[in-house]
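Q:
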DNA sequence: ATACAACTTGGAGCCGACTCCAAGTCAAAC
DNA sequence: GTTTGACTTGGAGTCGGCTCCAAGTTGTAT
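Residue numbers (the numbering used here), protein chains in the order written: chain A, 4 to 164; chain B, 4 to 164.
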């Protein structure tokens, strides 16, 4: 079986990242310079698609493009989790993400409280809400949740154009 | 007990949102025009602080400012979850957030795989990773996680300045 | 009275992340 | 052979979200 190759258009389709954006990522060297066919057209293969998907996923977590660089390094086929520095970065990212999940959970709490109220019943709900947005340092937790698919941002970003 | 009032500086301290940004939010009417003292200085009270905290929390979930408006409406003391339209928006936001959590979980999965490898063992890990970024529509799940505090973005945004 | 701090305003500027454009190349289809 | 379509390039423009600035006001401390 020969390795299959993709055009930038196919890469865009598969990853949900626009052609322009893929070129942009190459321009800022978030992606390595793609191989070119004789006519200069970019060629992508499986692992390039994977890398773009990874960027897309990181993007959805709100990570700035610049912050992705070390992260993507850990993904490169070459030198992997051999470097303790990378491992530390990964761990720190993991923590950040867990904290972000907490923020999200606070919003879900907020929504659930709102939804649970047939009526506000002001005094009562105000109290609870105040607590919802207070710092919850004491509580530890955060057990793994399951995996579904992306889309929070896309719900907004796919609107334009 | 008289209601306590806060200056913009205190509001900023309590919410972690800069004075400039609070003024900016008022300018774009994400916050109602704050009351002024005789000298024109802004005055904030408990519920204003709460609203700013809510914005801050929504911001951490990556929600664009414009998307917050209907959300904040649901938070206003007046008309609450009486309007079915608002309820729908809340529910839809809740879904978005759950999806975002899924994205985050994918990244955590990715990190955990990386961390778990003493060595990459290429063939093997490539396989797993491909799966991690594929669509996981089948799996349902998502049980509530606990509440801690924010900070993913802050980890980056607090760097500047 | 004068200096300082804490605010006010409108507007300009900045940065990240695209997004679009014009001009050009190339290959296949008619 | 010329038109069509999928690409290439560099660079300009856009948009969201701040962030900074200058000029002005007020209140307190010396």
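Glycine included, every Cβ here is placed at the ideal spot set by N, Cα and C.
(1) Does the segment 92-101 of chain A come into contact with the segment 61-77 of chain A, if we say contact requires no fewer than three beta-carbon pairs (one atom in each stretch) closer than 8 Å?
(2) Find out if the Cβ-Cβ distance for the pair residue 107/A, residue 107/B is shorter than 9 Å.
(3) Could you name the residues of chain B that residue 97/A contacts, counting a contact when the two beta carbons are closer than 7 Å?
(4) Buried or exposed: which applies to residue 6/B, given that a residue is buried once 16 or more other Cβ atoms fall within 10 Å of its Cβ?
(5) Please list the residues of the segment 53-69 of chain B that have a C-beta atom closer than 7 Å to any C-beta atom in chain A, keeping them in chain order.
(6) Residue 31/B: buried (16+ other C-beta within 10 angstroms of its C-beta) or exposed?
(7) Determine whether the Cβ of residue 117/A lies closer than 9 Å to any Cβ atom of chain B.
(8) Pick helix, strand or coil for residue 6/A, following the three-state DSSP scheme.
(9) Taking the C-alpha atoms as reference points, what is the distance between residue 29/B and residue 50/A?
(10) Looking only at C-alpha atoms, which of 92/A, 91/A, 114/A sits nearest to residue 101/B?
(11) Looking at the structure shown, is residue 47/B part of a helix, part of a strand, or coil, going by DSSP?
(12) So, does the CB of residue 46/B fall closer than 9 Å to a CB anywhere in chain A?
(13) Would you identify the three-state DSSP class for residue 98/B, choosing helix, strand or coil?
(14) Cα-Cα, which of 78/A, 116/A, 112/A is closest to residue 56/A?
(15) Give the secondary structure of residue 38/B by DSSP, where H, G and I count as helix, E and B as strand, and everything else as coil.
(16) Go through its chain and collect everything with a Cβ distance to residue 92/B's Cβ below 6 Å, but skip five positions before and after it.
(17) Is residue 32/A helix, strand or coil by DSSP?
(18) With DSSP as the reference, label residue 67/A as helix, strand or coil.
(19) Classify residue 86/B as buried or exposed, calling it buried when 16 or more other Cβ atoms lie within 10 Å of its own Cβ.
(20) Using a Cβ cut-off of 8 Å, which residues of the segment 10-27 of chain A contact any Cβ in chain B, in chain order?
(21) Within 10 angstroms of its Cβ, does residue 119/B collect 16 or more other Cβ (buried), or is it exposed?
(22) Indicate the three-state DSSP secondary structure (helix, strand or coil) for residue 88/B in the structure shown.
(23) Using the Cβ count rule (16 or more neighbours within 10 Å means buried), how would you classify residue 142/A?
(24) For residue 151/A, decide whether its Cβ has a neighbour in chain B, counting only Cβ atoms nearer than 9 Å.
(25) With a Cβ-Cβ cutoff of 9 Å, do residue 11/A and residue 45/A count as a contact?
(26) Determine the contact status of residue 61/B and residue 110/A, defining contact as a CB-CB distance below 9 Å.
(27) I'd like to know if residue 94/B contacts chain A, where contact means its C-beta is closer than 9 Å to some C-beta of that chain.
(28) Within the same chain, show all residues whose beta-carbon is closer than 6 Å to that of residue 17/B, passing over the 5 residues directly before and after it, in chain order.
(29) Is residue 34/B close to chain A, meaning its C-beta is less than 9 Å from at least one C-beta of that chain?
(30) What whole-angstrom Cβ distance do residue 48/A and residue 8/A have, given they're in contact under 8 Å?
(31) What number of angstroms, rounded off, separates the C-alpha of residue 33/A from the C-alpha of residue 67/A?
(32) Could one say the Cβ of residue 7/A lies closer than 9 Å to chain B's Cβ atoms, at least one of them?
(33) Which one of 25/B, 37/B, 64/B has the shortest CA to CA distance from residue 104/B?
(34) Rounded to a whole number of angstroms, what is the C-alpha to C-alpha distance between residue 41/A and residue 22/A?
A: With the structure as the only source:
(1) yes
(2) yes
(3) 111, 114
(4) exposed
(5) 53, 56, 57, 60, 61, 63, 64, 65, 67
(6) exposed
(7) Any Cβ of chain B closer than 9 Å to the Cβ of residue 117/A would place that residue at the interface, and such an atom is present.
(8) coil
(9) 47 Å
(10) 114/A
(11) In the three-state reduction of the DSSP assignment, residue 47/B falls in the strand class.
(12) Interface criterion not met: the Cβ of residue 46/B is under 9 Å from no Cβ in chain A.
(13) helix
(14) 78/A
(15) Of the three classes helix, strand and coil, the one that applies to residue 38/B here is strand, per DSSP.
(16) Residues 73 of the same chain have their beta carbon placed closer than 6 Å to that of residue 92/B, with the five preceding and five following residues left out of the count.
(17) coil
(18) coil
(19) Exposed, because fewer than 16 other Cβ atoms sit within 10 Å of the Cβ of residue 86/B.
(20) none
(21) exposed
(22) Residue 88/B carries a helical assignment under DSSP once its states are collapsed to helix, strand and coil.
(23) Annotation note: pLDDT 41 at residue 142/A (below 50); position unreliable, coordinate value reported separately. By the neighbour-count rule (16 or more Cβ atoms within 10 Å), residue 142/A is not buried but exposed.
(24) Low local confidence applies: a pLDDT of 27 at residue 151/A is under 50, so the model's placement there is unreliable, with the coordinate-based value given in what follows. Interface residue, yes.
(25) yes
(26) yes
(27) yes
(28) So the list reads 52, once near-sequence residues are dropped.
(29) no
(30) With a Cβ gap of about 6 Å, residue 48/A and residue 8/A count as contacting.
(31) 11 Å
(32) no
(33) The shortest Cα separation from residue 104/B among 25/B, 37/B, 64/B belongs to 64/B.
(34) 20 Å
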